[in-house]
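Q: Which chain is which? The protein sequence lines are F and V, in order.
The numbering of the first sequence is this note's numbering, which starts it at 4 and goes up by one.
The numbering of the second sequence is this note's numbering, which starts it at 661 and goes up by one.
Where is the CB? At the ideal position from N, CA and C, for every residue including glycine.
Mind looking over this structure? Questions follow.
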Amino acid sequence: DTGVSQDPRHKITKRGQNVTFRCDPISEHNRLYWYRQTLGQGPEFLTYFQNEAQLEKSRLLSDRFSAERPKGSFSTLEIQRTEQGDSAMYLCASSFRAEAFFGQGTRLTVV
Amino acid sequence: QKEVEQDPGPLSVPEGAIVSLNCTYSNSAFQYFMWYRQYSRKGPELLMYTYSSGNKEDGRFTAQVDKSSKYISLFIRDSQPSDSATYLCAMSAYGSARQLTFGSGTQLTVLP
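In structure tokens:
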């Protein structure tokens, strides 16, 4: 499968726990993006990497959220001290030029 | 008021119908316009990508952008039951997925 891969697909966690998601972009895509989607809404931009550099962060990305892309390959998104409001689908996308391709997402449920 | 407005539907049409999906927006800086299709519990799939005003056709799909009216459309000809999904418009001031602003999606059902 040469698409964007996200792991895990589903995560259930207790409030206050930390979670980490992984995204493997399409090979040779130098741009990587994280979005968040809640039920009945379109995705909302969280952050953007070009190679290993995190170039943009949305105001939605509170200090409990951190994203990394070491060596410009895969990326991780960590949420510390999860809250019920963090329950959503976390989507990763990658691109080489203009068109961005999304992964299947990680569905997070905070109980 | 949201930057991008999209009728949430639901929209139900018979197989073979022409479907028209629309979005309006308020940010004049948007230059790049996309349509994504999203099946239930899946990630969005890019259908069409256009820059500035004009039309673009790809098979049964036609995207139209009218920047003067801040209005974009997606037409689906000869609709099929497999087209049943949520359709999301997205737009950006940048030529990538940087800071895409999405509509809330229109849920489409094509009845066999």
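#1: Kindly list the residues whose CB is nearer than 7 Å to the CB of GLN666(V), restricted to its own chain and excluding five residues on each side of it in sequence; keep chain order.
#2: Anything in chain F within Cβ reach of ARG714(V), meaning under 9 Å, just list it in chain order.
#3: Closer than 7 Å by C-beta to ALA753(V): which residues in its own chain qualify, once you throw out the five before and the five after it? Chain order, please.
#4: Counting only beta-carbon separations shorter than 8 Å, does MET730(V) have a partner in chain F?
#5: Under 7 Å Cβ to Cβ from SER744(V), same chain only, skipping five residues before and after it: list those, please.
#6: Given a limit of 9 Å on CB to CB distance, which residues of the region 675-704 of chain V reach chain F?
#7: Determine the closest residue to GLY43(F) out of TYR709(V), SER728(V), PRO741(V) and PRO668(V), with distance taken between C-alpha atoms.
#8: Please report how far the alpha carbon of LEU64(F) lies from the alpha carbon of TRP37(F), in whole angstroms.
#9: At a Cβ threshold of 8 Å, is GLY765(V) touching chain F?
#10: Near ASN687(V), which residues of its chain fall below 6 Å by C-beta distance, leaving aside the five closest residues on each side in sequence?
#11: For chain F, is any of its Cβ atoms less than 8 Å away from the one on GLY755(V)?
#12: Residues in its own chain within less than 7 Å of ALA677(V) by CB, not counting five upstream and five downstream?
#13: Compute the beta-carbon to beta-carbon distance between ARG18(F) and THR85(F), rounded to the nearest angstrom, for a pair I have assumed lies under 8 Å.
#14: What span of residues does the beta strand (DSSP E) with ARG25(F) cover, start to end?
#15: Mind reading off the beta-carbon distance from PHE77(F) to CYS26(F)? Whole number of angstroms is fine, and I expect it under 8 Å.
#16: Check for me: the beta strand (DSSP E) holding ASN33(F) runs from which residue to which?
#17: Given a cut-off of 8 Å, decide if LEU80(F) and ALA70(F) are closer than it, judged by their beta-carbon atoms.
#18: Mind checking if TYR747(V) is an interface residue toward chain F, Cβ cutoff 8 Å exclusive?
#19: Classify ASP718(V) as buried or exposed, calling it buried when 16 or more other Cβ atoms lie within 10 Å of its own Cβ.
#20: Can you find a CB in chain F that lies within less than 8 Å of the CB of PHE721(V)?
#21: Quick check on the burial criterion: 16 or more other C-beta atoms within 10 angstroms. Buried or exposed for ARG62(F)?
#22: Three-state secondary structure (DSSP) at SER712(V)?
A: Taking the coordinates as given:
#1: CYS683, CYS749, GLY763, SER764, GLY765 and THR766
#2: Residue identity check: residue 714(V) is Gly in the sequence provided, not Arg. Simply none; closest approach about 15 Å.
#3: ALA689, PHE690 and GLN691
#4: What sits at residue 730(V) in the sequence shown is Lys, not Met. Chain F, which has no Cβ nearer than 8 Å to the Cβ of LYS730(V), makes this no.
#5: LEU768, THR769 and VAL770
#6: TYR692, MET694, TYR696, GLN698, ARG701, LYS702, GLY703 and PRO704
#7: PRO668(V)
#8: 10 Å
#9: yes
#10: GLU663
#11: yes
#12: SER739
#13: 6 Å
#14: 22-27
#15: 6 Å
#16: Careful: ASN33(F) lies outside any beta strand (DSSP E) and carries neither H nor E.
#17: yes
#18: no
#19: exposed
#20: no
#21: exposed
#22: coil
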